[in-house]
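Numbering of the sequence shown is given in full-length UniProt numbering, commencing with residue 1 and proceeding in unit increments.
Working notes, structure below.
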Amino acid sequence: MSNAISRQAGLVSIGDNVVDHYVDQRVYYPGGNALNVAVLARRFGLGDVAYVGLIGDDEEGSHVHSCLVAEGLSDTYLRQAKGETGKATVNIVDGDRVFIGSNEGGVRKRLMLRMDVDDIDLISRLGHVHSSCFSYIEPELPRIRAVSRELSFDFSTERDHEYLAAICPLVTLAFFSGSDLSDGETDAFIREIHTFGATAVCVTQGERGAVFSEGGRVTRQGIVQAKLVDTMGAGDAFIAGLLAARINGASLEPALAHAAASAAKACEWPGAFGHPHPAE
């Protein structure tokens, strides 16, 4: 009998989870880039999705755990440790999120997530991995990349050249938030990220849509209009929609259109993917 690992097309999202505490509403929602991408990729059409992460032993961690399961994802790869779950404090002003502060990931920053043999086996089977600059997972990225087919990474607004030079060579698809960049600055920034080693680059720009670059080809994607409730997680929804479509075999233009529609849909519910919990 062969000992080869059976591969299939799926997504492993590794890293950050938080609760987003809306102080004006006295409620919190589950969130965090890696968790959002896992949950939303499943919502937006990807059948095989797993989440690997770490929560604290507090009420917020219990809520994250229950929401993960409620969304149809396994808790097999979810760790719990003594301490606080990641928390971000936000207000909503005219439908847009305004971050006030955070506990910098809580227990996740103190302990840092490390891959075990079961995680590596999962990555080898599903093939596609997503993580983020908020996940404190950088030391593990070489191991992850060695057994994955693709690695996408959300750099958010990170522009530090030393950091980019270290991480980009490992990344097949680099995501950035770039609402502050002009069109010319965006094009120059994308070229720079390619020189750092990223195979494909996607810059999301809020109401201006997104710019995707791969293989010398630059594609611009406009937004889809939405009935705005809350923009929290819209960028993560774009990532999730794009990854779901690409892993399912879509070509670039349909994948980007699906991503834009996914981002619009995420603006029509509260929080990154719903599940409110009363906050004291």
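Heads up, the beta-carbon is just placed ideally off N, CA and C, and yes, glycines get one too.
Bear in mind that the values here come from a model prediction, so they are computed numbers and not experimental data.
Classify Ser124 as helix, strand or coil using the three-state DSSP reduction.
helix
Rounded to whole angstroms, what's the CA-CA distance from Phe238 to Lys227? Just pull it up for me.
16 angstroms
Give a yes or no on whether 8 angstroms exceeds the smallest Cβ distance from Lys265 to chain B.
Among the chains in the structure shown there is no chain B, since it carries only a single protein chain.
So, for Val52: in the same chain, excluding its five sequence neighbours on each side, which residues have a beta-carbon less than 6 angstroms away from its beta-carbon?
Ile14, Tyr77 and Asp119
So, helix, strand or coil for Ile14, using DSSP?
strand
Residue nearest to Asn36 in terms of C-alpha spacing, selected from Ile123, Arg79, Pro278 and Ala266
Ala266
From the DSSP output, read off the bridge partner residues of His275.
His275 is not bridged to any residue.
When you compare only the Cα positions, how much space is there between Ala166 and Ala200?
16 angstroms
Can you find the residues in the same chain that come closer than 7 angstroms, C-beta to C-beta, to Ala279, ignoring five residues on each side of it along the sequence?
His21, Arg26, Val27 and Tyr28
Are Leu46 and Ile247 close, meaning C-beta to C-beta below 8 angstroms?
yes
Limits of the alpha helix (DSSP H) - the one that Glu268 falls within
It is not in any alpha helix (DSSP H) - Glu268 carries neither H nor E in the DSSP assignment.
Proximal residues to Glu253 (C-beta, below 8 angstroms), its chain only, five neighbours per side dropped
Thr219
Have a look at Leu164 and Gln205 and give me their C-alpha separation to the nearest angstrom.
19 angstroms
Do you know whose CA, among Thr195, Val39, Ala88 and Val107, lies nearest Gly10's CA?
Val39
Inter-residue CB distance, Arg108 and Leu73 (contact presumed, cutoff 8 angstroms)
About 18 angstroms; that fails the 8 angstroms criterion.
Residues sharing a beta bridge with Phe176, DSSP:
Val203
Val52 bridges to which residues according to DSSP?
Ile14
Going by CA-CA distance only, name the one from Glu158, Ser262, Asp24 and Asp58 that's closest to Gly106.
Asp58
Is it buried or exposed, Ala4, if we count other Cβ atoms within 10 angstroms and call 16 or more buried?
Because the pLDDT of Ala4 is 37, which lies under 50, any placement of that residue in the model is unreliable, and the number read from its coordinates should be weighed accordingly. Exposed, since its Cβ has fewer than 16 Cβ neighbours within 10 Å.
Around the Cβ of Ile100, are there at least 16 other Cβ atoms within 10 angstroms (buried) or fewer (exposed)?
exposed
Where Lys109 sits in the DSSP three-state scheme
helix
Option in Ala240, Trp269, Glu84 and Glu207 with minimal Cα separation from residue 345:
Not covered by the structure: residue 345. The range shown for the chain is 1 to 280.
Would you mind stating whether Arg110 and Gly83 have Cβ atoms separated by less than 8 angstroms?
yes
Considering only their Cβ atoms, is the gap separating Ile144 from Ala174 smaller than 8 angstroms?
no
With distances taken Cα to Cα, identify the nearest neighbour of Arg217 among His128, Glu207 and Cys202.
Cys202
Measure the C-alpha to C-alpha separation of Ile92 and Met232 and round it to an integer number of angstroms.
9 angstroms
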